[in-house]
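I have placed the structure first, in the form of structure tokens, so that the comments after it can refer back to it.
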Amino acid sequence: MRHALTGICLVFGSFLTTFAAEPIERNWTIGDERREALVYLPAQASDTPAPLVFVFHGHGGTMRNAMRTFGLHKLWPEAVVVYPQGLNTPGQLTDPEGKRSGWQSSAGQLGDRDLKFVDKILAELKSERKIDPDRIYATGHSNGGGFTYLLWAERGDIFAALAPSSAAGLRHLPKMKPKPMLHIAGETDPLVRFPMQKRMIDLVRGKNGCNPEGKPWHDIKFCTEYDSRAGTPVVTLIHPGGHKFEATAPAAIVRFFKEHPRNSLRSNEEKPEKEETSATVKSPSASG
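Quick note, the working numbering runs 430 ahead of the 1-based positions in the sequence shown.
Here it is as structure tokens:
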């Protein structure tokens, strides 16, 4: 009888572990708005503080689509991964009436509702679990990539590294402190044109003090690394496709984030950065 009960407990425990390994839907009320996100928590609690990754969908997307497309919780099961849901937002490149979901594109827009949303999620998760403050990251595609750049500018002290995809954020550059970045771009992107993304990449490379010559990054397809003596390298994943999220990107994002905890930058944080030109701040931002 004892062995039978032990077997049942083991099976039940295995079921709970499997169940806990799937992202769950959570919601918050911020002001008068109900916000929601899919939150993945590592199946087994640990005394070791966990990394935290925010993943933002593009304009017209959903948290569930981001979960399926990025799938970072499957590639990094030790991390807490959050897939937030945007609200109806006027798009910069499409949907000017704001009939589809998205993210604010500049500080102060829409009452900073999305910045406040990230603040709320972060505060609650920190109160519930051990989150490693040196391993908090953000990534997103299109409008979600643009919001990633906005977070870099407005909440930069929170994040260790960032990985925007198919986006640019030229207007945010003056407030962006040097951080490790992985930028994903399609050479034939019809929405966020590649020349604009390349300009963004080049300006971040200058801000980060990167070497002008790149080298292959771990022999991963499409990836080039630009080293930085300050410990703030830029890696690019430039693929031949268009605006669609690149299928090889999730594995590259996870590897990049794992390589760049914030504590690796502390000895370099006070080093002066290159001064931006006036042309930098006047250029428009773009994200789909």
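Every residue, glycine too, gets a C-beta built ideally from N, C-alpha and C.
**Prompt:** Assuming residue 535 contacts residue 580 under a Cβ cut-off of 8 Å, what Cβ separation, rounded to an integer in Å, is found between them?
**Reply:** The residue labelled residue 535 in the question sits at position 105 within the sequence shown. The residue labelled residue 580 in the question sits at position 150 within the sequence shown. About 7 Å; that satisfies the 8 Å criterion.
**Asked** Would you say residue 613 and residue 593 are within 9 Å of each other, going by their C-beta atoms?
**Response** Along the sequence shown, read from residue 1 onward, the residue named residue 613 stands at position 183. Along the sequence shown, read from residue 1 onward, the residue named residue 593 stands at position 163. For residue 613 and residue 593, yes; Cβs fall inside 9 Å.
**Item:** Coarse secondary structure for residue 669, derived from DSSP in three states
**Value:** Indexing the sequence shown from 1 puts residue 669 at position 239. Residue 669: strand per DSSP, three-state reduction.
**Prompt:** Would you report the Cα separation of residue 577 and residue 533, rounded to the nearest angstrom?
**Reply:** Working through the sequence shown from its first residue, we reach residue 577 at position 147. Working through the sequence shown from its first residue, we reach residue 533 at position 103. Computed Cα separation, rounded: 6 Å.
**Message:** Mapping the DSSP letters down to three states, classify residue 616 as helix, strand or coil.
**Reply:** To locate residue 616, count along the sequence shown from 1; it is residue 186. Strand.
**Asked** Is the distance from the Cβ of residue 471 to the Cβ of residue 565 below 9 Å?
**Response** Reading the sequence shown from its first residue, position 41 is the one you call residue 471. Reading the sequence shown from its first residue, position 135 is the one you call residue 565. No, the Cβ-Cβ distance between residue 471 and residue 565 is not below 9 Å.
**Item:** Residue of 453, 549 and 685 minimising C-alpha distance to residue 647
**Value:** What you label residue 647 is simply residue 217 of the sequence shown in a count that begins at 1. Of the candidates 453, 549 and 685, the one whose C-alpha sits nearest the C-alpha of residue 647 is 685.
**Request:** Per DSSP, which residues does residue 645 bridge with? Please list them.
**Result:** Locating residue 645 in the sequence shown gives position 215, counting from the first residue. In the DSSP output, where bridge partners are listed per residue, residue 645 has 655.
**Message:** Below 8 Å on the Cβ atoms is my contact criterion, and I expect residue 654 with residue 662 to pass it. Report the Cβ-Cβ distance as a whole number of Å.
**Reply:** The sequence position of residue 654 within the sequence shown is 224, counting from 1. The sequence position of residue 662 within the sequence shown is 232, counting from 1. About 16 Å separates the two Cβ atoms, so there is no contact after all.
**Prompt:** Beta-carbon separation of residue 586 and residue 606 under 9 Å?
**Reply:** Along the sequence shown, one-based indexing puts residue 586 at 156. Along the sequence shown, one-based indexing puts residue 606 at 176. Result yes, Cβ atoms of residue 586 and residue 606 sit closer than 9 Å.
**Item:** Secondary structure of residue 459, DSSP reduced to three states
**Value:** For the purposes of this step, residue 459 is taken as residue 29 along the sequence shown, with counting starting at 1. Residue 459: strand per DSSP, three-state reduction.
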